[in-house]
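**Student:** Quick one: the structure is below, questions incoming.
Numbering (the numbering used here), first residue to last: 119 to 233.
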């Protein structure tokens, strides 16, 4: 059974940083690509960042230059380093394979950017 467990969210002031973690229940090598997604209140879930098995990373335009995705195959964990956070980054953040598996969504981790 595939499970992704996100952690690392919290309340941070604008301009601050957070590092999100996503622990996978199976080997990350099972998936060609992994991604981070987010859903803000009243909005649809959107893709934030992705990384392939070869290490190629891609980012949504609003987070380019501020977020960095990485993964650790030994720990079977995907990370999202978020710097220069803005209030519009406030959302629940999820990880999933890319494209996402509908049965694989976890609980997510809440990120709130506010002064």
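Using N, Cα and C, we set each Cβ at its ideal position, and we do this for glycine too.
Quick one: give me the first and last residue of the beta strand (DSSP E) that residue 190 is part of.
**Tutor:** Indexing the chain shown from 1 puts residue 190 at position 72. Residue 190 -> beta strand (DSSP E) spans 185-190.
**Student:** Going along the chain, which unbroken runs of the beta strand (DSSP E) with 3 or more residues stay wholly within the region 130-215?
**Tutor:** For the region 130-215, whole beta strand (DSSP E) runs of length 3 or above, ordered along the chain, are 136-142, 151-157, 164-170, 175-177, 185-190, 195-200 and 209-215.
**Student:** Counting Cβ pairs closer than 8 Å, one from the region 208-215 and one from the region 151-170, do we hit at least three?
**Tutor:** Taking 8 Å as the limit for Cβ pairs, the verdict is that the region 151-170 does touch the region 208-215.
**Student:** Could you tell me how far apart the beta carbons of residue 138 and residue 197 are, in whole angstroms, since I believe they sit closer than 8 Å?
**Tutor:** For the purposes of this step, residue 138 is identified with residue 20 of the chain shown, where counting begins at 1. For the purposes of this step, residue 197 is identified with residue 79 of the chain shown, where counting begins at 1. Right, the Cβ-Cβ distance comes to about 7 Å (below 8 Å), so this counts as a contact.
**Student:** How many angstroms separate the CA atom of residue 175 from the CA atom of residue 228?
**Tutor:** The sequence position of residue 175 within the chain shown is 57, counting from 1. The sequence position of residue 228 within the chain shown is 110, counting from 1. Going by the C-alpha atoms only, they are around 23 Å apart.
**Student:** Could you tell me the distance, in whole angstroms, from the CA atom of residue 141 to the CA atom of residue 119?
**Tutor:** The sequence position of residue 141 within the chain shown is 23, counting from 1. The sequence position of residue 119 within the chain shown is 1, counting from 1. Roughly 13 Å between the two C-alpha positions.
**Student:** Please report the straight-line C-alpha distance between residue 157 and residue 222, rounded to a whole angstrom.
**Tutor:** Start at 1 with the first residue of the chain shown, and residue 157 comes out as number 39. Start at 1 with the first residue of the chain shown, and residue 222 comes out as number 104. About 16 Å.
**Student:** Quick one: Cα of residue 146 to Cα of residue 132, how far?
**Tutor:** Translated into the one-based positions of the chain shown, residue 146 becomes position 28. Translated into the one-based positions of the chain shown, residue 132 becomes position 14. Cα-Cα distance, rounded: 32 Å.
**Student:** In whole angstroms, what is the alpha-carbon distance linking residue 173 and residue 182?
**Tutor:** Here residue 173 is taken as the residue at index 55 of the chain shown, counted from 1. Here residue 182 is taken as the residue at index 64 of the chain shown, counted from 1. Going from the Cα of residue 173 to the Cα of residue 182 covers about 17 Å.
**Student:** Per the DSSP calculation, residue 128 is bridged to which residue(s)?
**Tutor:** Translated into the one-based positions of the chain shown, residue 128 becomes position 10. Answer is 229.
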